[in-house]
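6 protein chains.
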Amino acid sequence: MASGNTSTAAPARFDTETGEPESGQIEAVLSTPTLGQVLIAVEELWPASLAEEWDTVGPVVGRPEREVKRIMFAVDPTLEVVADAVSRGTDLLITHHPLLLRPVNSVAATGFKGEAVHLLIESGCALVTAHTNADSAIGGVSDVLADIFGLTQTQPLAPSKDGLPEEGIGRVGMLPEPLQLHEFASRVFSAMPSVAGGVRVAGDRAGIVRKVAVCGGAGDSLFDAVRAAEADVYVTADLRHHPASEAREAALNGKPYLIDVSHFASEWLWLPTAADALKNVLHDLGHDVEVGVSAINTDPWDFILTP
Amino acid sequence: MASGNTSTAAPARFDTETGEPESGQIEAVLSTPTLGQVLIAVEELWPASLAEEWDTVGPVVGRPEREVKRIMFAVDPTLEVVADAVSRGTDLLITHHPLLLRPVNSVAATGFKGEAVHLLIESGCALVTAHTNADSAIGGVSDVLADIFGLTQTQPLAPSKDGLPEEGIGRVGMLPEPLQLHEFASRVFSAMPSVAGGVRVAGDRAGIVRKVAVCGGAGDSLFDAVRAAEADVYVTADLRHHPASEAREAALNGKPYLIDVSHFASEWLWLPTAADALKNVLHDLGHDVEVGVSAINTDPWDFILTP
Amino acid sequence: MASGNTSTAAPARFDTETGEPESGQIEAVLSTPTLGQVLIAVEELWPASLAEEWDTVGPVVGRPEREVKRIMFAVDPTLEVVADAVSRGTDLLITHHPLLLRPVNSVAATGFKGEAVHLLIESGCALVTAHTNADSAIGGVSDVLADIFGLTQTQPLAPSKDGLPEEGIGRVGMLPEPLQLHEFASRVFSAMPSVAGGVRVAGDRAGIVRKVAVCGGAGDSLFDAVRAAEADVYVTADLRHHPASEAREAALNGKPYLIDVSHFASEWLWLPTAADALKNVLHDLGHDVEVGVSAINTDPWDFILTP
Amino acid sequence: MASGNTSTAAPARFDTETGEPESGQIEAVLSTPTLGQVLIAVEELWPASLAEEWDTVGPVVGRPEREVKRIMFAVDPTLEVVADAVSRGTDLLITHHPLLLRPVNSVAATGFKGEAVHLLIESGCALVTAHTNADSAIGGVSDVLADIFGLTQTQPLAPSKDGLPEEGIGRVGMLPEPLQLHEFASRVFSAMPSVAGGVRVAGDRAGIVRKVAVCGGAGDSLFDAVRAAEADVYVTADLRHHPASEAREAALNGKPYLIDVSHFASEWLWLPTAADALKNVLHDLGHDVEVGVSAINTDPWDFILTP
Amino acid sequence: MASGNTSTAAPARFDTETGEPESGQIEAVLSTPTLGQVLIAVEELWPASLAEEWDTVGPVVGRPEREVKRIMFAVDPTLEVVADAVSRGTDLLITHHPLLLRPVNSVAATGFKGEAVHLLIESGCALVTAHTNADSAIGGVSDVLADIFGLTQTQPLAPSKDGLPEEGIGRVGMLPEPLQLHEFASRVFSAMPSVAGGVRVAGDRAGIVRKVAVCGGAGDSLFDAVRAAEADVYVTADLRHHPASEAREAALNGKPYLIDVSHFASEWLWLPTAADALKNVLHDLGHDVEVGVSAINTDPWDFILTP
Amino acid sequence: MASGNTSTAAPARFDTETGEPESGQIEAVLSTPTLGQVLIAVEELWPASLAEEWDTVGPVVGRPEREVKRIMFAVDPTLEVVADAVSRGTDLLITHHPLLLRPVNSVAATGFKGEAVHLLIESGCALVTAHTNADSAIGGVSDVLADIFGLTQTQPLAPSKDGLPEEGIGRVGMLPEPLQLHEFASRVFSAMPSVAGGVRVAGDRAGIVRKVAVCGGAGDSLFDAVRAAEADVYVTADLRHHPASEAREAALNGKPYLIDVSHFASEWLWLPTAADALKNVLHDLGHDVEVGVSAINTDPWDFILTP
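Protein chains in written order, with this note's numbering: chain A, 77 to 383; chain B, 77 to 383; chain C, 77 to 383; chain D, 77 to 383; chain E, 77 to 383; chain F, 77 to 383.
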């Protein structure tokens, strides 16, 4: 829980257009969906079959027959996020990260995960996960990152086994024009929601980048694909010393450069797009729902000291 | 769910003395405990350290700080048992079988386990498991069976690794006087709550039994210990064709005979004793709680056809 | 070994038409086959390739070059079955269950398996197993059960990977007309050889069944297939408390109902059919052999006490 | 390879007293040791038995009989470090990180690891690893960190199984007087060699810290020990989103706070101490050697953008 | 089966004193033992607890209650050995190598192992294995080798975990006086029964050997122990190119030299001693039995071409 | 290291035509290749994709950009072979056996493998392995053996999964005319370089052989394929007692006979062919290199004593 920064530190860009329901939007013919009906729309956007084998996606808490009037998107199902959602009358919280990725034998409120389960069920708020299926899908986390960085001719870094050619983890694409590394890093920094930890860069400031690989969240398992794609720079998160060092040692002519961003920030960028997309799909299915994005910053870091 | 037999088929012996709180029992100085305080008493009676390695015992649902006025014991956390408990204002359901023995990534109410979790949390009813720790403990499932069959000089079949010499799975002991197999089988039948499947016996009706091995629940992993103990008869549950056949083939002079009882029935016998014991320990700790036993028969079988 | 019931308890239906060689049947041109020649016929009827990966089928004891004049079928190679077969001058015992499913480093007669091997070899009687290959084959255990219950439009519950579409473990099919559960259960009971343990049923006596799933022997690994087939009732054997309870909890509208029969009885039904089939195939190959069915009941249970 | 920052970015504090041999230090009676003799001193300071089971420490390249006149310490055996060491006439490079932690079937110079092996052997420079043995030893990486932060009453976080009570991974100890979190973070920042990535902090700036846990390098496997020690703050490196987030969610009253430093920087601090210690032990053994510390910054990051 | 060499190639030394029962040896008071009684003597000499974990020793075929008048020892239970034993009226064949080391699901006579089982049971001849227990025991295979080579001060190469200090696989000891390698090799050659493959030697003919390590049968897993014992030469069997080459590469000053003998021959040496020992123990237990050694050479090789 | 036999025992046939560069062979237009260029020719002859999964082939030591003027082939990278190669100015040693089949964490010269790595790198000599890829390739080890024995209509014993039909481990083919076993064994003996251990034969001297299976090196894993091919005789190396005995027991009519040759000798035969082939391919690629074969005998045995 990032202490003390909920009300004050959350930057303006956490408030998205979808965050507040617009009055006058609800048409008479539209109905309130059940959780089961919302899950159909979720499956259409982010099919469970796109999830990695080790992953678990879909509903975690909730009754399928219950009505859903308000949906909120967030990166992490932290207690702060859940409490905030519940306090705003949310019926369904959709998070990128699973609450119960490691399976559990108990949901007693003797730990924070059981506490979250109790809080959600007591408040009648469902919880649904869209994780690596949302990373991989068209219009998913990786596509959003590629769009924001202005990439064209994008392709997946690790194409999905059973999906379409456009689906898969990570994206690689071309910048419209060459940039120096420091220029591109500034573009990345500006595109992200502001978090304490900043954006770290490895490489020659003046080096030229044209081909860009991106992977939202922790992408250190994709270095082989990045090199095979001959990307000039790789933007991802959670790069530790050894993978980063080995990647730099293995770099030919110093490339690919590395840009290490906040795991949270890289995935947060997807939330407004996801909220819009879900609202639209539900509308097409004849449903009207408020869909917003949580204003809570769940990046774990609160401040940084730099040279 | 054994259809239709809750109200009519549940025999009188399902109602125990502890099932209904006796008026006048509550003294002014006694307080209502929290779930956390009840768990201390549970640990004292059935220490978690006695559970098998593969097992999961302890709290499954509930808030430790919440008050517990009514406790109900049951063998299985079926939806029928949970609904009945909730309808009676139960604050804590203690079952022998774990709800989440296979760990889960979701407790959504899209399956019966998630449905049970939702029903419990929505109703503010906690769930606690006392499984192989209760099998193994002094005064546990095996000890109760041995007592009901009148055994003396009892010892564990499979002594607990870290526990006292009296602790462990199963018991072996002596009948006060020799009985013919059919006489002993009748005693077993009479001691059990009535279930549809009856009591099956392998061996010579007129064979003499004096030394008896018992194991509540499924005991087919203990045949080596039963033979080593030179028991005349082994009472357990869930004996399938191959283990039973091989045990009969390996039997010397036809012994040990086998008596296969209802898994549910063999463990149900422990519930009244457990309820009394917990009430007493809580009383000693200064707490007053109503403690009862569920009247629901969770044996899966509804009727039988026999030759 | 079911004590004392060999001579008296074995019901009339254990004696089948194939059990006694009919006089006048042997034509002059027919020859006595060797074990090797019988194995060719066995492979034609129950191909080894249909056996499950964990299973071991085919010859267990015997010399391929030895003549086979008398064949006996049985469910289990117990010592009682072997001794009876040997005493009747049997040259080949074909059993459904393998004697050496768990492989052995010794066949010394210090245990009942080594004792059986010695008895067989000393008497010149071969032993052959037809297990999951016979479950899966057309006209095998599952098909015989489906026929006896009057099912039509049958399909395998778990189709064989490498076999024909009609081959596989279990069958699902339609009753000619709907029956109440208790009526269908009576039909099952009547069709089976009489054993001590009877037939247990879970479900509403008056519930309607039309679509029936069957699996001879222990079928608790096929619940997912049974539910996917939307069967009204599932007939199988060796259902323990936890699989049966979970299946009942997961049942929609209480279906599939469950009927738990004797493992032995469910597989015994196949023996007369198998004996006829083998006799016919051998006849077509130019061989004349006596083929019978063992009259020994190897269900492990001797008597039952019911409410 | 951190591009371009070797000559300019390496801060003054990379030059240690031991980095330059002092003239007049060599006494006539002292001899030049062989690599084998140096390894005896290395074992005395950082016994191989203290290394974790998965680790590999000791000599990686070199001939035991060869004389060692110049020793250089470094964190990582990168090509830049190796080339710099070789260019300075180094006979032995001692690094904290193993070159061949994942074992290899080839040392051909077709990759950077084989390139390093060739460069070392061609130049006659040996390579020795002191990794988790140096983390765990008295006066090792963790002890140096604890000293620099001013901790007293230190104990290992994860005591060594076979070592002394003072040996083990990580340390926990007390500050002489309570500090606010931001004050302590500044102390940590000032103590470290300057690297691009800075020092990230999670927790309340004004929160009070007195009990401090430290672990040089990646310490995310020690959270249970940190909580058991009731530390107010945990200083370590390479904390990714999920371990950090879960640790923050599990934090009671927000503690332990987290301080995430550079993996390289946290381990670099040990080098001057190690160089002094080795020089002294060799001196006591009658040997005279130049011992220095590499001035190369092998932190992979070159610059950072922060809010 | 070594073709054609049974009658002619078997050298005189295959006929041992114990091979022919001596007349007048049987006293009136001595009884004929059962197999079960012989097994007690076998256990006394070569306790099953000394066998390696992967090994299987003890009775393989036979009825414990059957009388044993003639016992024959052999290295391998080949069909030729079994047929010869049976033709001589042998009641018990004791072999060093197990017939069923890899466990079997069938003993049908469709392979040579099933053929052997049939031949033995049909002839009423039991089969017992004394393998690594006989290697390890005092007076076992290794001790006999050490004695024949004239070693003194012998100790096990790999001491038994649970046995006495003198028990274990292999032996190391001292020659009474130093020999040149070619002299010692000649002694080894002369001590062995003659087989086609001869004795291969690696090392300097004129090198001096004093300390000798021996291991009957395949000993390539004991090289570390041989080096630790600082043996000058290692005598064992079945040395392939890679273990032998690596041992030669790792040899210091060319030692240990290697002497590769016939696996069969190295273990055959134990048979006469074993036969005497068993006869004596049985005599002490009040039994009289003829005990002999098979004259069949089961070394697989029939002739050799050498430079 | 076969002591003392390098200079005297190495037979004339170790000197091959390719062993000495012929004068006048170098044309002006041919260039000296780099190691990287030689590796292209190696891959063309013995593609890495033909190697077994557990194997490691290709470059082990060396810089790809370095010039290669002299290449030497050998079976084993022993220290004696390496030292000899280096003393002759060899730039590239190509061996059949890998130096680092078991991967290593260290190449320090504290063992013979590290010593070899140091010696090679210090001398600027590269090391490349062509192992199971060279066994399997057309014109590889098995093909050379088949050619030398005069086989026709050859096919692989174990065809390569991904290769051509002619590729795979071992070969089976027909002799031009039938031979008695002792005649064929003499042919094998004469074809091999002379080593101390000779050639061992199992089978009837006068037995007729026509169909021959061969596998260079240790071939005891291919017995099933040899039997399936109905070969009359199998020539391979490193046959230990148990595989050889079981193969002889399983032999029908005594066939396949076995001929056990020196592992080294069977693979040495390939070296001259390989040297010629590589020289030719390099020539076709425009390169001129001296290519020879090591004269060192690396068979581990020095002398033998036979009956």
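Every residue, glycine too, gets a C-beta built ideally from N, C-alpha and C.
Looking at the backbone, the Cα of B:A192 and that of B:E198 are separated by about 10 Å. Close partners of E:T186 in chain C (Cβ separation under 7 Å): P135 and P140. Among the CB atoms of chain F, one or more fall inside 7 Å of the CB of D:T132. Between F:P383 and chain E, the shortest Cβ-Cβ separation is below 7 Å. A straight line joining the alpha-carbon of C:L255 with that of C:F225 spans about 12 Å. Taking 7 Å as the cut-off, the beta carbon of A:S338 is found closer than this to the beta carbon of A:D375.
In this structure, D:V285 keeps its C-beta atom at 7 Å or more from the C-beta atom of D:V311. Excluding residues up to 5 positions away in sequence, L175, L176, V180 and V183 lie with their Cβ nearer than 8 Å to the Cβ of B:K189 in the same chain. Excluding residues up to 5 positions away in sequence, A294 and H339 lie with their Cβ nearer than 6 Å to the Cβ of C:D314 in the same chain. Think of a sphere of 8 Å around the beta carbon of F:P123: no beta carbon from chain D falls inside it, the nearest being about 17 Å out. In this structure E:G249 is buried. Its beta-carbon is surrounded by 16 or more other beta-carbon atoms within 10 angstroms.
Look at the beta carbons and you see the stretch 204-211 of chain C touching the stretch 131-144 of chain C: at least three pairs across the two are nearer than 8 Å. Nearest C-alpha to F:R139 among F:A202, F:L381, F:R263 and F:K331: F:A202. Fully enclosed alpha helix (DSSP H) runs of no fewer than 4 residues occupy 188-199, 208-212 and 217-224 of the stretch 171-250 of chain C, in order along the chain. Around the beta carbon of F:G165, fewer than 16 other beta carbons lie within 10 angstroms, which makes this residue exposed.
When Cβ-Cβ separations below 7 Å define contact, B:S321 makes contact with chain C. With a cut-off of 8 Å on Cβ pairs, the stretch 136-155 of chain F is in contact with the stretch 361-370 of chain F, counting three or more such pairs.
Excluding sequence positions up to five before and after F:E120, its CB lies within less than 7 Å of the CB of V357, all in the same chain and listed in chain order. The beta carbon of B:H194 sits closer than 7 Å to some beta carbon of chain A. Within the stretch 260-271 of chain B, A261, S262, F265 and S270 place their CB atoms closer than 7 Å to a CB of chain C, listed in sequence order. For E:L233, the closest alpha carbon among the candidates E:E306, E:S107 and E:R316 is that of E:E306.
Runs of the alpha helix (DSSP H) lying entirely within the stretch 240-317 of chain D and spanning at least 4 residues, in chain order: 257-267 and 299-304. In the structure shown, F:T110 adopts extended strand secondary structure according to DSSP, grouped into three states.
Proximity of F:E306 to chain E, defined by a Cβ-Cβ separation below 7 Å, is not satisfied. According to the DSSP assignment, A:P135 belongs to the beta strand (DSSP E) that extends over G134 to V137. As a beta-bridge residue in DSSP terms, E:D336 pairs with E:R276 and E:T312.
The beta-carbon distance between F:I380 and E:G274, rounded to whole angstroms, is 5 Å. This is short enough to meet the 8 Å contact definition. The C-alpha of D:I245 is placed about 6 Å away from the C-alpha of D:D211. The shortest CA-to-CA distance from F:G283 to any of F:K331, F:S342, F:Q113 and F:D336 is the one to F:K331.
Measuring C-alpha to C-alpha distances from A:T171 to each of A:P383, A:S107, A:E343 and A:L240 identifies A:E343 as the nearest. Counting C-beta atoms within 10 angstroms of its own C-beta, E:P269 has 16 or more neighbours from the protein chains shown and is therefore classed as buried.
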